[in-house]
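Heads up: take any position in the sequence shown, counting from 1, add 38, and you land on my numbering. Heads up, the beta-carbon is just placed ideally off N, CA and C, and yes, glycines get one too. Because the structure is a prediction, the values reported are computed rather than measured. Worksheet for the structure shown next.
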Amino acid sequence: MSVWKYERDVENLKIEIARLERMICEKQDEFQRATRRGEEADARLLRREQLKYEEKLREIIRELIHTERKLEKVKKEEKDPLGDLSWW
39 MSVWKYERDV ENLKIEIARL ERMICEKQDE FQRATRRGEE ADARLLRREQ LKYEEKLREI
99 IRELIHTERK LEKVKKEEKD PLGDLSWW
């Protein structure tokens with residue numbers, strides 16, 4: 039694949055990470071409000087939703103790391119398409 043594809047993927051993953059972080063903060067705020075109001079059932083539901091978002095965030099971060107590694111590899115291959123020929 040080409041460099042631009044990986045660069046686009048990295049940017050998209052960063053956008054998704056930012057979105058998930060906002061959602062986690064919102065769910066945390068809602069959870070705290072529900073807890074203060076004494077709405078335990080709602081609080082548990084909100085906490086479960088927050089945990090789902092946190093798991094998704096970990097998966098996306100993992101994917102971002104792999105994509106960044108692939109990007110570096112492709113950049114290196116484009117820079118030196120014949121590889122290390124110093125042994126010639």
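For the pair residue 78 and residue 69, the Cα-to-Cα distance works out to about 9 Å. With contacts defined by Cβ atoms closer than 8 Å, residue 98 and residue 55 form a contacting pair. Just so you know, the alpha carbons of residue 115 and residue 45 end up roughly 15 Å apart. Out of 117, 52, 91 and 107, the CA that lies nearest to the CA of residue 65 is found in 91.
When secondary structure is reduced to three states using DSSP, residue 77 falls in the coil class, being assigned neither helix nor strand.
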